[in-house]
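The number in the numbering used here is simply the position in the sequence shown, starting from 1, with 9 added. Idealized CB from N, CA, C, for every residue including glycine. Written out below as structure tokens is the structure these notes cover.
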Amino acid sequence: MKTATFPSLRVDAQLRSDAEGVLREGETLTSLIETAVRETIARRHAQAEFLARGLQAREQARGSGAYHPADAVHQEMRQRLDARRKQVLG
């Protein structure tokens with residue numbers, strides 16, 4: 010598989026210095042940038058999927074007429090979270 014390159018990126022000296030200051034042992038500036046781009050792409054895909062699920066749920070609710078009050082949903086989520094905390098923390 011052929012590789013490709015990103016366009017060069019001009020930044021101010023402070024940003025470059027800050028980036029170099031957080032490099033881990035054996036890490037290069039190039040690998041830091043590549044990781045940042047990959048993580049941003051993954052996050053944006055997750056956001057798009059989340060939005061698509063929300064829009065689909067909205068359409069299903071409209072079609073069925075079944076809506077749930079936010080207070081009831083929040084209460085159920087709190088109960089689930091509390092139950093899970095008890096399982097994990099004892």
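For V46, which of L90, R94, V82 and F15 has the nearest alpha-carbon?
By 1-based counting over the sequence shown, the position of residue 46 is 37. With distances taken between Cα atoms, V46 lies closest to F15.
My understanding is that L18 touches E29, with C-beta atoms under 8 Å, so please give their C-beta distance in whole angstroms.
Position 9 of the sequence shown holds residue 18. Position 20 of the sequence shown holds residue 29. Actually they are not in contact, since the Cβ atoms of L18 and E29 sit about 14 Å apart, beyond 8 Å.
On the DSSP letters alone, give me the boundaries of the alpha helix (DSSP H) that K95 sits inside.
As a position in the sequence shown, residue 95 is number 86, starting the count at 1. Where K95 is concerned, the enclosing alpha helix (DSSP H) stretches over A79 to L98.
Could you tell me how far apart the beta carbons of L32 and L24 are, in whole angstroms, since I believe they sit closer than 8 Å?
The sequence position of residue 32 within the sequence shown is 23, counting from 1. The sequence position of residue 24 within the sequence shown is 15, counting from 1. In fact, because the Cβ distance is near 14 Å, the residues do not count as touching under 8 Å.
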